[in-house]
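To start, the structure under review is shown below, and the notes come after it.
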Amino acid sequence: MSWLKWFEFRGRSVFHLSYSFHRLTGLVLVLYLIMHLSYLTSLTFGREVYEAFIAATVTPTFLIFDILLVLVGVYHGVNGLRLILHEFGLAYDARRPILYLSYLITLIVWLYASYKLYVFVVGV
Amino acid sequence: MEEKVKNIIFRIKRFDGEKSYWSDFVVPAQKGMTVLEGLFYIKATYDGSLSFRASCRMGICGSCAVKINYKPKLACETQILHLNSSKIKIEPLDNFKVLKDLITEFEGFFAKHETVRPYLIRRDDNYAEPVELIQKPKELHAYYDFTLCIKCGACVSVCPAASTREDYLGPAAMVAAYRFNADSRDEGKDFRLAAICSDGGVWRCHFAAECSEVCPKNIEPAKAIQKLRFQSAIYAIKKALKGW
Amino acid sequence: MRIRNDILIVGAGLAGMRAAIAAAETSRQLSIAVLAKTYPIRCHSVCAEGGTAAVLREGDSFDLHAWDTIKGSDFLADQDAVEFFVKEMPKEILRLDNWGCPWSRTEDGKIAQRAFGGHSFDRTVFAADRTGFHEVHTLYERMVSYPNITRFDEYFMTSLVIENGEVKGLTAIDLRNGELVLFEAKAIIMATGGAGRLYGFTTYSHQVTGDGLAVAYRAGVPLKDMEFFQFHPTGLIPSGILMTEACRGEGGYLKNRDGERFMQKYAPEKMELAPRDLVSRSMWTEIIEGRGLESPYGPYIALDLTHLGEERINERLPLIRDAAIKFAGVDPVEEPIPVRPVAHYTMGGIHANIDCETPVKGLYAAGEAACISIHGANRLGSNSTAECLVFGRVAGEKAAEYALRKSYYPSVKAFDEEEKRIASLFREKGDESAYQIKTELNETMDKNLWIFRDESGLMEAVRKIRELKERYDNISVEDKSKTFNTDLTFAIEVGYMLDLAEVVALGALKRKESRGAHYRTDYPRRDDDNWLKHTLAYYTEDGPKFDYLPVTITKWQPVERKY
Chain P
-1 MSWLKWFEFR
9 GRSVFHLSYS
19 FHRLTGLVLV
29 LYLIMHLSYL
39 TSLTFGREVY
49 EAFIAATVTP
59 TFLIFDILLV
69 LVGVYHGVNG
79 LRLILHEFGL
89 AYDARRPILY
99 LSYLITLIVW
109 LYASYKLYVF
119 VVGV
Chain A
2 MEEKVKNIIF
12 RIKRFDGEKS
22 YWSDFVVPAQ
32 KGMTVLEGLF
42 YIKATYDGSL
52 SFRASCRMGI
62 CGSCAVKINY
72 KPKLACETQI
82 LHLNSSKIKI
92 EPLDNFKVLK
102 DLITEFEGFF
112 AKHETVRPYL
122 IRRDDNYAEP
132 VELIQKPKEL
142 HAYYDFTLCI
152 KCGACVSVCP
162 AASTREDYLG
172 PAAMVAAYRF
182 NADSRDEGKD
192 FRLAAICSDG
202 GVWRCHFAAE
212 CSEVCPKNIE
222 PAKAIQKLRF
232 QSAIYAIKKA
242 LKGW
Chain X
42 MRIRNDILIV
52 GAGLAGMRAA
62 IAAAETSRQL
72 SIAVLAKTYP
82 IRCHSVCAEG
92 GTAAVLREGD
102 SFDLHAWDTI
112 KGSDFLADQD
122 AVEFFVKEMP
132 KEILRLDNWG
142 CPWSRTEDGK
152 IAQRAFGGHS
162 FDRTVFAADR
172 TGFHEVHTLY
182 ERMVSYPNIT
192 RFDEYFMTSL
202 VIENGEVKGL
212 TAIDLRNGEL
222 VLFEAKAIIM
232 ATGGAGRLYG
242 FTTYSHQVTG
252 DGLAVAYRAG
262 VPLKDMEFFQ
272 FHPTGLIPSG
282 ILMTEACRGE
292 GGYLKNRDGE
302 RFMQKYAPEK
312 MELAPRDLVS
322 RSMWTEIIEG
332 RGLESPYGPY
342 IALDLTHLGE
352 ERINERLPLI
362 RDAAIKFAGV
372 DPVEEPIPVR
382 PVAHYTMGGI
392 HANIDCETPV
402 KGLYAAGEAA
412 CISIHGANRL
422 GSNSTAECLV
432 FGRVAGEKAA
442 EYALRKSYYP
452 SVKAFDEEEK
462 RIASLFREKG
472 DESAYQIKTE
482 LNETMDKNLW
492 IFRDESGLME
502 AVRKIRELKE
512 RYDNISVEDK
522 SKTFNTDLTF
532 AIEVGYMLDL
542 AEVVALGALK
552 RKESRGAHYR
562 TDYPRRDDDN
572 WLKHTLAYYT
582 EDGPKFDYLP
592 VTITKWQPVE
602 RKY
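Residue numbers (our numbering), protein chains in the order written: chain P, -1 to 122; chain A, 2 to 245; chain X, 42 to 604.
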C-alpha cells in the first residue's frame, strides 16, 4: 500500500516520525472537529439535551480520551510552531536540538493540562 | 593481518515483471567488501538474472541507490561488515515503480528535474564568443554544496510528500532549482520560481527533512528547499501585488 | 521498430553530450538523438577528477601546450591535430563557465588553474577534484535546454549497419522491454568511451566495456593504436579507484618503503609530475625490485599528502579524502594513501581524422572512443576531458553540416540477422560462464599486457584470448526474460571485450619497440626509424589484419624524451 508510505517507521529518523505524527494528529483533530461540532448541535435541541450530553461525557470514563486528545492537540500545535520556524528558512542547522526541545515543551504542557483536566473532572 | 571471512545472508527482493518474491544468497564477506561487490558476486556465482544498476563503484554516478535494511544507501559505498548484521535485506527504492529486481523507473525523476529549468540562464548567452564570468570564492561556496547532487533518488524515496503525491517535484529537483537561484552568475530566478511556486512544487514540502538524513553526499536538500520556499513566497507576493 | 533521426550520437558522456549541443547550435531544424546504455549523468566521464587543460593566462602559449602534449605522446601524436586542439580549448572552458560549471576560483574571482603532470605551465582548470562530474552535469543541464535533442536512455547498442562505405544506422536493445530497435540516421557519432574493463585492476566504471569500439571494428571500421593503454600511477588498492594526478599537482609525494621520493632517480626535473607512463614505470620498477610497502592486497607505493594540511586537502581534494577514508580506511590528512599503477585510459580507438571523420561516410568518432590522434602513445593528464570537449564540438558540427547537406535518409532493409545472432546467446545448453571468461580475461590482461611487456608474455596473452574466444561460443545466458536483462548485456559485453583484447594483444606483439605507455623489456628503446607510425587493425573472420599509418609532423621533430 504505497499511499501509506508516509507512515513508514522502519529505517526512518526522528524527523520523519515527527512528520508522520503531525499528519496523524492532524487527521485525528479533523475527525474530532467533526465530532465536536455534531456534539454541539445538541444545543439546537434545547438546554436539557445539551446538559445530558455534558453529564454523560464529562466523566472519569471519558477522561482518558480527553487526555489523549489534549496530547494530540498540543503535539500538533507545538510541532506546528517548529515547522513554521524552519519553513521560514530559519534555524535549519539547529533542527535537532529544536526538535527535542519541542518534544519537551509538548510533554510539559500536556502533563500540566492533563493534571488540570483530572482535577476538574475527578476533584482533588 | 587477519583475513576474517564471514558468511552473510543477502535477502533480496526480486521482481520479474509480474510478481515479486524474495531470494536468499550466502555471500562470503571480508573487511572492505561493499554491498555492491556482494551483488556482483551473487550475479556471477549463483544467479545471473539478478538485476541492479551500477557503474562507477565510487559513489559519484548515483546508479546503485537501494534500500539496505530499510535505509536507502549507495550499495557501492556501504561496507557489508559495517552493517553489523548477519542478514542483510536489500530492496529497491520506495516511491519509484519497480521494473525488475532492484531496478526502478527513473524517467519521472529526470523529467521533474527538467521542469525546473536546471541550467544557467543569462541574457548575454553567447555560444560563439563566450566571456569569462567572475565569481569570487565566497560566491562559489554559497551554492557549491548543492552542485554535488548525484541524482541517486534516495531523498525522493524517503520523502513522505513524494509518497503522498505523484506530481510532487521532489527534493532532488528542488535542490537543482536552488543551486541555480543561488549561483551569482544566474539571471533566471523568476523563470524557475514559476515552476517551483506551484501546486506540486515547494508548497508540498512540510519539512519531514528525511531527505537530509539519507542523502549519501550530505547535501542537505531540506535546507535548499526551505530557502527556496522563502524565495517562492517573495515571488508569489510580488506576483500577487503586480496583478492587483 | 524503426526510429529515424538526422543525427544519432551513441554515448552520452562528455564528448557525446558536447556533440549534441554543437549539432543543436548548428541548426535547430536537425533532429538529434542521443543514445546510451545508462542515463547521461551516470556515464564514466563523471569519474574524471583532476581537471581540463587550457591556455588561458599570460606566460602560457599554444605552442607550449602543443609541445607538452606532443612530447608527452612520445611523438606519436599527429601534430596538426594537436595544434588545432590547443587553440580551441580556451573557448570551451569559457563556454562551460557560461553554462554554469562551478570552476574553482582564485581570490579575485577568475578561473583557477593548477599544475599537472607533463605540463610546463599551471594550465589545468579544475572544479575541486570532481572536474569530470561537474562538467558532465553542466553539459547535461545545457543539453536538456535544446528542444531538438531527444534522448534514448538505457538502450544497448549491438551493431552498426554499414553498406557501400556509408553508415546507415545501428541496432540497439531497448533495455526496458528487450526489443531490438533499428535506428536510422544520416550521420552517426560514436562517443562510447574506452575499453578499460579489459583489465581487472582499473579505474574504469563497470560499464566501460568498449562497446562502440567493438561494434565499429566488427562493421569494418579500423581501430588505431589499440596497444597503447595508459596506466595511471595512483590507483587506490584494492578497488582501483582513481586518486587524481592533482594529488601530486598540489604537492603530494610518492614514497617507497624506505621513505624516499624515488622519482628523483627517474625524472629528476619533474619528479612526481613527470608524464604518467614514466611515473608508472618508475613505481612498478620500485615494486618489482622489492622496495614497495606490504599490504594484504599486495605491494604498494605511498602517496603522501600529509604535509599539505587539512585545509588545502578539503579545499582542493575533498573527493580524494572522502574516497580514501571510505574505500581504504585511510585519512590522507593523517597517513599516506596506498596506491599502485592502474589501467586508466585507452589512447587507441576508432580511426578518425582531425574532423572526427572515420573512413566510413557519415560515421564520426569523438572522445576516448576516437583516436585522432591527440595523445599518441601516452596521454597527459587533463588532456582527455579537454579532447572530449573540443572534438565533441567538432564531431557535432561536422555531422550537422553533413546531415544538412545530405538529401536522403538511409534506409535499412531488414535486421532479422541481428535478431537471430542475439537470440543464439540464449541457446539451451552451455557449459561456460561469461562471468568466468571475463575473470580469466582480466587476469591475463593484468599479467601480460601491463606496464612491462615481453614476447613470451604477449604470446601467452594471444593464446589465452583465442582460447577464451572459443569457449565464449559455449556460453548460455541464464536469464531468459525481456525486461532489463543484464545477464544478456553482460554476455554481449564480454564478447566485445574479447574481440578488443585480441586487437590489443596482437598489436602489442607486433610493435617491437617501446614508446609511451607501451614498454617492452625485450625492445626497450624507441625506434623512430621503423615505428614512428600508427597501428591500424581491421576485422577479419580469422582475427585482426594490421596496417600502418604515418604520423603527421608539422613543427616538432622527435627528440629524446627526458623529464
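Virtual Cβ for every residue (Gly too), placed ideally from N, Cα, C.
Per DSSP, what are the beta-bridge partners of residue i in this structure?
i, result
"X/M231", "X/V51, X/A406"
"A/W23", "A/K14"
"X/V75", "X/I50, X/R192"
"A/K239", "DSSP lists no partner for A/K239."
"X/S200", "X/T212"
"X/T576", "X/Y589"
"X/A17", "In this structure chain X extends from 42 to 604, so residue 17 of chain X is not present and cannot be described."
"X/C412", "X/H392"
"P/Y73", "Looking at the DSSP assignment, P/Y73 forms no beta bridge with any residue, so it has no partner."
"X/A226", "X/N46"
"X/Q271", "X/Y386"
"X/R146", "X/I152"
"X/D345", "X/Y294"
"X/L31", "Shown here, chain X extends from 42 to 604; a query on residue 31 of chain X therefore has no answer."
Would you mind telling me which residues of chain A sit closer than 7 angstroms to residue i, beta carbon to beta carbon, in chain order?
i, result
"X/D528", "G49, S50"
"X/Y476", "A45"
"X/K132", "P131"
"X/H247", "A55, S56, R58"
For residue i, which residues in chain A fall below 9 angstroms Cβ to Cβ?
i, result
"X/T79", "R54, S56, C62, S64"
"X/H85", "S56, C57, C62"
Determine the chain X residues that contact residue i at a beta-carbon separation under 7 angstroms, and present them in chain order.
i, result
"A/I104", "F525"
"A/L134", "D138, N139"
"A/E141", "It should be noted that the sequence gives Leu, not Glu, for residue 141 of chain A. Ordered by position in chain X, the residues that pass the 7 angstroms Cβ test against A/L141 are P143, R146."
Under a Cβ-count criterion, where at least 16 other Cβ atoms within 10 Å of its own Cβ denotes burial, should residue i be classed as buried or exposed?
i, result
"A/N85", "exposed"
"X/N355", "exposed"
"P/I106", "exposed"
"A/Y22", "exposed"
"A/M2", "Any reading at A/M2 is ruled out, since the residue's pLDDT is 46, under 50, leaving its predicted position unreliable."
"X/N218", "exposed"
"X/V262", "buried"
"X/S145", "buried"
"A/T35", "buried"
"X/T426", "buried"
"X/I329", "exposed"
"X/N139", "buried"
"X/D318", "buried"
"X/K586", "exposed"
"X/M42", "exposed"
"P/W108", "buried"
"A/F107", "buried"
If contacts are defined as beta-carbon pairs under 8 angstroms, then residue i and residue j qualify, I think. What distance do you get, rounded to the angstrom?
i, j, result
"P/G71", "P/L27", "6 angstroms"
"X/K132", "A/P131", "6 angstroms"
"A/I91", "A/I151", "About 20 angstroms; that fails the 8 angstroms criterion."
"P/H84", "A/Q136", "Not a contact, Cβ separation roughly 29 angstroms."
Name the chain X residues whose beta carbon is nearer than 8 angstroms to that of residue i?
i, result
"A/Y128", "E66, R136"
Give the residues of chain P in contact with residue i, contact being defined as C-beta atoms less than 7 angstroms apart.
i, result
"A/F208", "L81, H84, E85"
"A/E214", "S11, F13"
Counting only Cβ pairs nearer than 7 angstroms, list the residues of chain D close to residue i.
i, result
"X/E409", "Among the protein chains in the structure shown, which are P, A and X, there is no chain D."
Identify the contact partners of residue i in chain P, using a Cβ-Cβ distance below 8 angstroms as the criterion.
i, result
"A/N70", "G9"
* Asked: What residues in the segment 70 to 94 of chain P have a beta carbon less than 9 angstroms from any beta carbon of chain A?
  -> Using a CB distance below 9 angstroms, the part of the segment 70 to 94 of chain P facing chain A consists of R80, L81, H84, E85, F86, G87, L88, Y90, D91, R93, ordered along the chain.
* Check distances from the C-beta atoms of the segment 4 to 17 of chain P to those of chain A and list, in chain order, the residues that come in under 7 angstroms. => Here the close residues are W4, R8, G9, R10, S11, F13, H14, Y17.
* Near-chain X residues of the segment 144 to 176 of chain A (beta-carbon distance less than 7 angstroms), N- to C-terminal order -> Hits within the stretch, in order: Y145, T148, K152.
* Listed from N- to C-terminal order along the chain, which residues in the segment 185 to 212 of chain A have their beta-carbon within a distance smaller than 7 angstroms of any beta-carbon of chain P? -> Per Cβ criterion, the list reads H207, F208, A209, A210, E211.
* May I ask you to list, following chain order, the residues of the segment 218 to 233 of chain A that have a beta carbon less than 8 angstroms from some beta carbon of chain P? => Residues passing the 8 angstroms Cβ filter: E221, A223, K224, Q227, K228, R230, F231.
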